[in-house]
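The structure appears below as structure tokens.
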Amino acid sequence: GGPELRCSVLSLDEDQLAGSAGGPSAIPWCCAAHSLPVMKMATAVMWSWKQLLLAGLWLLAAAPRPVAADTCTDPTIVPSYYTTSDAVISSETVFIVEISLTCKNGAQYVALYADINGKQFPVTRGQDVGRYQVSWSTEHRAAKSGTYEVKFLDEESYSALRKAQRSNENVSDIKPLFTVNVDHRGAWNGPWVATEVVAAVIGLLVYYLAFSAKSTIQA
């Protein structure tokens with residue numbers, strides 16, 4: 029039936045603690061009891077942050093690192109290519125060049141770039157070791173028949189080419205790693221005369237011959 033005991037550690041200042049009858053030990057025991065859940069919560073939060081930090085460091089260490097490109101010496105290639113031959117069924121002329129590359133020093137991860145008529149294209153590395161592909165497209169009227177020289181550059185020669193282009197220097201002195209010649213015979217644009225016109229002419233000719241034969245028989 030006594031007065032209700034209220035605890036508030038935050039409401040007690042140093043003077044109140046010093047002026048207590050029993051000194052600091054006179055603080056009601058319930059204050060310490062009420063602070064235990066808060067301490068446990070703070071400890072749990074600290075451990076959570078530590079666990080998150082450790083997990084982040086572990087993921088960073090376990091993340092796959094990019095494979096450094098190799099330098100290829102004395103390359104041996106087996107090229108193949110495809111070019112659009114029918115302009116009727118396609119909107120643009122497509123060029124696809126595939127190569128199988130073998131390096132004397134055994135390099136397998138070679139970064140390559142292709143230079144075609146002064147334009148650079150990235151070369152895609154295939155799933156199989158030593159397989160590479162590059163492709164590009166252009167309008168039919170711009171894809172003239174003839175031989176297209178595709179220069180393949182490694183990182184060193186590609187960097188030298190880009191530097192020379194930025195400085196407006198002569199790029200003809202930059203030697204590619206190897207070159208592939210693509211023979212394009214041109215794309216077929218269909219017959220000179222529309223099929224409908226040919227069919228109409230043949231129909232008229234057949235009608236004329238039949239009418240002439242009938243007139244000859246009646247005569």
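Throughout the sequence shown, residue numbering follows the working numbering, covering 29 to 247 in sequence. We put the beta carbon where it would ideally sit given N, CA and C, even for glycine.
Judged by pairs of C-beta atoms under 8 angstroms, the region 168-188 touches the region 137-154, as three or more such pairs exist. DSSP places Arg159 in no alpha helix (DSSP H) but in the uninterrupted beta strand (DSSP E) bounded by 159-166. Val157 and Ala142 do not touch by the CB rule: their CB atoms are close to 19 angstroms apart, not below 8 angstroms.
By the Cβ neighbour-count rule, Ile117 is exposed, with fewer than 16 other Cβ atoms within 10 Å of its own.
Straight through space, the alpha carbons of Tyr176 and Ala215 are spaced by roughly 15 angstroms. Look at the region 134-219 and you find these whole runs of alpha helix (DSSP H), each 4 residues long or longer: 183-194.
Considering only Gln155, Gln136, Ser165, the residue with the shortest C-alpha distance to Thr99 is Gln136.
DSSP, reduced to helix, strand and coil, places Ile117 outside both helices and strands of the structure shown, so it counts as coil. Comparing C-alpha distances from Gly174 to each of Asn198, Val210, Ile144, Asn196 shows the shortest one belongs to Val210. For Thr99, the secondary structure class from DSSP, reduced to helix, strand or coil, is coil.
Sixteen is the threshold: when 16 or more other Cβ atoms of the shown chains lie within 10 Å of the Cβ of Thr112, as they do, the residue is buried. By the beta-carbon neighbour count (other beta carbons within 10 angstroms, threshold 16), Ala171 is buried. For Thr244, the three-state secondary structure derived from DSSP is helix. Judged by beta-carbon spacing, Val208 lies beyond the 9 angstroms limit of Ile124, meaning their Cβ atoms are not closer than that value.
Distance between Ala192 and Asn198, taken at the CA atoms: about 7 angstroms. Looking at the DSSP output, Thr130 sits in a beta bridge with Thr104.
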